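Enquirer: First to last, the protein sequences are chains E and Z. Using our numbering, you'd call the opening residue of the first sequence number 514 and step up by one each time. Using our numbering, you'd call the opening residue of the second sequence number 514 and step up by one each time. Ideal placement from N, C-alpha and C gives every residue a C-beta, glycine not left out. Nothing here was measured: the structure is a model prediction, and the numbers come from that model.
2 protein chains.
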Amino acid sequence: MITRIAFIGFGVVGQGLAEILLEQKTDLKNQFGFEFEVVAIADKMKGSVYAENGLDVQKLLDLVKSTGKIEDYPEGIKGWDSIQTITETNANLIVEVSWTDINTGEPAISHIKTAIGCHKHIVMTNKGPIALAARELLSMAKTNGVEIRFEGTVLSGTPALNLGVNNLASSKITKIAGIVNGTTNYILTEMEKGLTYEVALKQAQDLGYAEADPTADVEGYDALGKIVILTNVVMGGNITKDQVPCQGITKITYQDIKEANKEGKRWKLIAGAELKEDGFVDAYVRPEKIPLDHPLAAVSGPINALTYTTKYLGDVTIVGPGAGREATGYALLTDILDIHRKVSR
Amino acid sequence: MITRIAFIGFGVVGQGLAEILLEQKTDLKNQFGFEFEVVAIADKMKGSVYAENGLDVQKLLDLVKSTGKIEDYPEGIKGWDSIQTITETNANLIVEVSWTDINTGEPAISHIKTAIGCHKHIVMTNKGPIALAARELLSMAKTNGVEIRFEGTVLSGTPALNLGVNNLASSKITKIAGIVNGTTNYILTEMEKGLTYEVALKQAQDLGYAEADPTADVEGYDALGKIVILTNVVMGGNITKDQVPCQGITKITYQDIKEANKEGKRWKLIAGAELKEDGFVDAYVRPEKIPLDHPLAAVSGPINALTYTTKYLGDVTIVGPGAGREATGYALLTDILDIHRKVSR
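Right under this line is the structure:
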């Protein structure tokens with residue numbers, strides 16, 4: 514069976530996936546029996562195109578680079594919006610990579626519900642819908658026989674979510690503690706070298722790690738969305754972000770950092786979740802002093818990491834990239850292959 | 514379908530698995546739809562027993578603790594050897610946990626071939642057969658529709674092998690570098706605190722990390738078996754251990770360690786494999802000076818870790834236990850569940 518893919522959104526991450534799909538087309542067929550066509554793309558800014566027998570992905574990538582407009586593609590049906598692209602095309606798998614709104618989850622939540630309604634599988638890297646409505650969406654999907662995957666919502670392509678959900682599924686996870694935001698980790702690492710918070714932040718902005726408005730990173734809101742996902746998806750919790758105490762790194766001074774070093778420790782912004790004796794899970798985002806011999810202490814710069822504390826294995830830590838065009842594109846590829854493995858049997 | 518399990522060998526690791534299976538019986542059924550009976554155990558020293566409707570696992574664990582003899586079990590057929598237990602019982606899954614012979618792979622290789630011959634799935638933690646004959650065994654298994662899993666052969670229950678084989682399967686792995694032997698890592702960590710090699714080794718022996726004859730660990734032979742497995746199973750190589758240059762830690766002095774620290778580095782015994790431009794994989798075991806900001810440098814004591822260098826994600830590192838009754842028992846459980854997922858669809 515050929516997987517027919519529709520992209521909803523075609524920004525950096527979508528293009529990252531498209532490039533990997535092109536590069537690996539032969540290998541994916543030989544190694545996993547995975548064959549695909551990209552049949553549609555709908556992007557709010559770049560326009561849309563649909564061709565039931567498949568589009569020329571290289572041509573689309575070139576177009577985006579040269580004119581920025583998908584609608585310049587020489588063939589196919591133009592002008593369909595994202596909902597129409599989900600419902601009316603012959604795609605059987607939706608790559609949801611529209612923009613992230615962590616407060617409403619829209620328009621992604623509508624895209625996902627629409628796709629579930631017409632029995633199309635979904636992969637995404639968009640934190641919003643999963644942080645806000647994982648339980649509802651997963652249950653809707655199950656009822657409708659639809660697969661949803663979202664490895665890229667936490668640690669991008671580093672298979673941290675998969676590790677918790679699958680590989681450690683029967684290990685009895687009692688605690689999760691992670692460095693899940695690269696911007697703040699980069700700033701803290703630079704501050705340890707002697708920079709002030711302001712200079713380190715400026716440097717992160719210059720390098721493209723931090724947004725012009727860095728609030729979501731430095732106040733911990735990005736990490737907050739991720740720990741809500743981990744709590745609800747890996748630990749079976751049912752929490753919302755309003756229930757999670759959240760403190761960022763803006764109050765950490767060079768003095769704090771020097772003092773921690775004297776104690777053999779290092780400040781890290783930790784997103785954590787802990788199973789309590791009453792069966793509920795407490796989650797939090799806060800700076801913590803981590804002993805230098807803990808694997809999380811060694812995670813520097815924009816790298817992310819997650820430690821699962823388990824009954825049978827003690828601590829298992831995974832370290833890898835937390836962002837990036839290729840890394841996040843790769844997250845979508847693993848999700849697509851996982852669905853392929855599941856539905857093609 | 515109920516999985517009917519036969520244990521070939523019932524030492525520390527087998528008992529570790531048996532305890533986890535008992536503890537989790539209800540959860541495994543509810544969470545994964547996995548139901549099982551242990552129908553047979555054959556151990557060269559402890560004797561054997563078979564009951565087609567299932568044995569009382571708690572009673573067997575108690576017997577081993579009190580008399581050390583499985584044959585004291587009040588019911589069932591006694592006296593069958595391991596081959597007979599594989600061929601004649603109604604087990605459909607063999608837990609191969611007999612002793613490890615890294616030079617011949619026997620008797621485990623014969624157990625595995627026998628199980629494949631009678632179409633029974635196999636899980637194991639025994640490095641020997643996989644280090645010596647992975648390609649042959651996996652190909653035989655495939656031909657016969659049999660599943661083989663061996664997560665515990667590398668980093669025990671830490672899902673390091675699974676990470677490479679599954680989660681990173683399409684990430685284009687170009688290099689593997691790992692700390693895969695806990696004993697040598699413990700010794701190096703203690704030497705860094707000021708102990709001599711001899712004192713650190715003695716301490717490792719007292720703690721049960723090192724054998725009375727520590728050769729296999731300190732000369733790198735244990736790590737060698739593991740890197741051969743990783744090379745052949747994860748990187749598609751086809752090497753034998755004779756082709757791998759292998760150097761242990763016996764020549765590292767306190768002076769070497771101090772000098773490395775001055776350079777901002779730390780000695781680690783690294784098992785590595787690297788994809789060359791000609792498509793072949795070079796593997797090695799040797800002490801290397803690792804920069805302190807590399808995740809492997811922070812892995813101390815008996816903990817193990819593995820870094821995969823990939824095209825799409827850069828470095829992904831997993832850190833976790835490399836040995837232990839529960840951790841290795843858990844490796845077998847994940848293998849069993851993986852086979853259950855695959856064959857029960």
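1. Residues in its own chain within less than 7 Å of Val678/Z by CB, not counting five upstream and five downstream?
2. Might you give, ordered along the chain, the residues of its own chain that have their beta carbon closer than 6 Å to the beta carbon of Gly835/E, omitting 5 neighbours on each side?
3. What whole-angstrom Cβ distance do Thr820/Z and Thr687/Z have, given they're in contact under 8 Å?
4. Measuring straight from C-alpha to C-alpha, what distance separates Val525/Z and Gln768/Z?
5. Using the beta-carbon of each residue, which ones in chain Z are nearer than 7 Å to Gly721/E?
6. Please classify Ser683/Z: does DSSP put it in a helix, a strand, or coil?
7. Kindly provide the ranges of any beta strand (DSSP E) runs that are 3 or more residues long and lie completely inside the stretch 560-641 of chain E, ordered along the chain.
8. Can you tell which of Lys739/Z, Glu732/Z, Val757/Z and Glu705/Z has the C-alpha that lies nearest to the C-alpha of Ile770/Z?
9. Below 7 Å on C-beta distance, what does Asn675/Z contact in chain E?
10. Quick check on the DSSP output: the alpha helix (DSSP H) that includes Phe717/E runs from which residue to which?
11. Using a Cβ-Cβ cut-off of less than 8 Å, give me the residues of the stretch 525-546 of chain E that come near chain Z, in sequence order.
12. With 16 other CB atoms within 10 Å as the buried threshold, where does His632/Z fall?
13. For Thr671/E, return the contacting residues in chain Z, with the cut-off set at a CB-CB distance below 7 Å.
14. Counting only C-beta atoms, is Leu850/Z closer than 8 Å to chain E at any point?
15. To which residues does DSSP link Asn817/E through a beta bridge?
16. By how many angstroms is the C-alpha of Leu788/Z removed from the C-alpha of Tyr722/E?
17. Can you give the Cα-Cα distance for Ser684/Z and Ile533/E, rounded to whole angstroms?
18. Report the neighbours of Tyr843/E on chain Z: residues whose CB is nearer than 8 Å to its CB, in chain order.
19. Shorter than 8 Å from the beta carbon of Gly641/E to some beta carbon of chain Z?
20. Report yes or no: do the stretch 839-849 of chain E and the stretch 838-848 of chain Z share at least 3 C-beta pairs separated by less than 8 Å?
21. Identify which residue in Ile607/Z, Lys764/Z, Ile599/Z and Ser623/Z has its Cα closest to the Cα of Asp614/Z.
22. Cβ of Pro808/Z within 8 Å of Cβ of Val636/E?
23. Taking 8 Å as the threshold (C-beta atoms), are Ile583/Z and Asp556/Z in contact?
24. Please classify Pro815/E as buried or exposed, where buried requires at least 16 neighbouring CB atoms within 10 angstroms.
25. Assign Asn616/E to buried or exposed, taking buried as 16 or more other Cβ atoms, counted over all protein chains shown, within 10 Å of its Cβ.
26. By the criterion of Cβ-Cβ separation under 8 Å, what are the contact partners of Pro815/Z in chain E?
27. Taking 8 Å as the CB-CB limit, is Leu887/Z close to chain E?
28. Starting from the Cα of Gly581/Z, find the closest Cα among Val570/Z, Met558/Z, Glu588/Z and Glu601/Z and give me that residue.
Expert: From the atom records:
1. As a first step, residue 678/Z is located in the second sequence; it is residue number 165 there, counting from the start. The answer, listed in chain order, is Val746 and Val747.
2. Position 322 of the first sequence, counting from 1, holds the residue named residue 835/E. Setting aside the 5 residues that flank it on each side, Gly835/E is surrounded in the same chain by Leu668, Ser669, Gly695 and Asn817, each with a C-beta closer than 6 Å to its C-beta; the list follows chain order.
3. On the second sequence, position 307 is the one that residue 820/Z refers to. On the second sequence, position 174 is the one that residue 687/Z refers to. In fact, because the Cβ distance is near 12 Å, the residues do not count as touching under 8 Å.
4. In the second sequence, the residue the question calls residue 525/Z occupies position 12. In the second sequence, the residue the question calls residue 768/Z occupies position 255. For Val525/Z and Gln768/Z, the distance between alpha carbons rounds to 38 Å.
5. Looking up residue 721/E in the first sequence gives position 208. Those within 7 Å of Gly721/E in chain Z number zero; the least Cβ separation is about 16 Å.
6. Indexing the second sequence from 1 puts residue 683/Z at position 170. In this structure, DSSP gives Ser683/Z a state outside helix and strand, which the three-state scheme calls coil.
7. For the stretch 560-641 of chain E, whole beta strand (DSSP E) runs of length 3 or above, ordered along the chain, are 560-563, 606-609 and 634-637.
8. Here residue 770/Z corresponds to residue number 257 of the second sequence, with the count starting at 1. Measuring from the Cα of Ile770/Z, the nearest candidate turns out to be Glu705/Z.
9. The count along the second sequence starts at 1 and reaches residue 675/Z at position 162. Near Asn675/Z (Cβ distances below 7 Å), the residues of chain E are Asn680.
10. Locating residue 717/E in the first sequence gives position 204, where the first residue counts as 1. Looking at the sequence shown, residue 717/E is not Phe but Ala. Here the alpha helix (DSSP H) through Ala717/E covers Tyr710 to Asp719.
11. The stretch 525-546 of chain E vs chain Z, Cβ under 8 Å: Ile533, Gln537, Asp540, Leu541, Gln544 and Phe545.
12. Counting from one through the second sequence, the residue named residue 632/Z turns up at place 119. So His632/Z counts as exposed.
13. As a working mapping, residue 671/E is identified with position 158 in the first sequence. Here the neighbours are Leu826 and Val829.
14. In the second sequence, residue 850/Z corresponds to position 337, counting from 1. Judged by the 8 Å Cβ criterion, Leu850/Z is in contact with chain E.
15. In the first sequence, residue 817/E corresponds to position 304, counting from 1. Within the DSSP secondary-structure output, Asn817/E pairs in a beta bridge with Gly833/E.
16. Counting from 1 along the first sequence, the entry for residue 722/E is found at position 209. Counting from 1 along the second sequence, the entry for residue 788/Z is found at position 275. When rounded, the separation of the alpha-carbon atoms in Tyr722/E and Leu788/Z is 31 Å.
17. Counting from one through the second sequence, the residue named residue 684/Z turns up at place 171. Counting from one through the first sequence, the residue named residue 533/E turns up at place 20. Using only the alpha carbons, I get a separation of about 10 Å.
18. As a position in the first sequence, residue 843/E is number 330, starting the count at 1. One finds Ser683, Ser684, Tyr825 and Leu826 in chain Z with Cβ atoms closer than 8 Å to the Cβ of Tyr843/E, taken in chain order.
19. The residue given as residue 641/E occupies position 128 in the first sequence. Cβ-Cβ to chain Z under 8 Å: no for Gly641/E.
20. Judged by Cβ distances under 8 Å, the stretch 839-849 of chain E makes no contact with the stretch 838-848 of chain Z, as fewer than three pairs qualify.
21. Stepping through the second sequence from its first residue, residue 614/Z is reached at position 101. Shortest Cα-Cα distance from Asp614/Z to any of Ile607/Z, Lys764/Z, Ile599/Z and Ser623/Z involves Ser623/Z.
22. By one-based count along the second sequence, residue 808/Z stands at place 295. By one-based count along the first sequence, residue 636/E stands at place 123. Using a Cβ distance threshold of 8 Å, Pro808/Z and Val636/E do not count as a contacting pair.
23. Here residue 556/Z corresponds to residue number 43 of the second sequence, with the count starting at 1. Here residue 583/Z corresponds to residue number 70 of the second sequence, with the count starting at 1. Contact: yes.
24. Residue 815/E sits at position 302 when you count from the first residue of the first sequence. Buried is the call here.
25. For the purposes of this step, residue 616/E is taken as residue 103 along the first sequence, with counting starting at 1. Exposed, by the Cβ-count rule.
26. Counting from 1 along the second sequence, the entry for residue 815/Z is found at position 302. Against chain E, a Cβ distance below 8 Å from Pro815/Z picks out nothing, because the smallest value is about 11 Å.
27. Absent from the model: residue 887/Z. The displayed extent of chain Z is 514 to 858, so no value can be given.
28. Walking along the second sequence from the start, residue 581/Z turns up at place 68. Of the candidates Val570/Z, Met558/Z, Glu588/Z and Glu601/Z, the one whose C-alpha sits nearest the C-alpha of Gly581/Z is Met558/Z.
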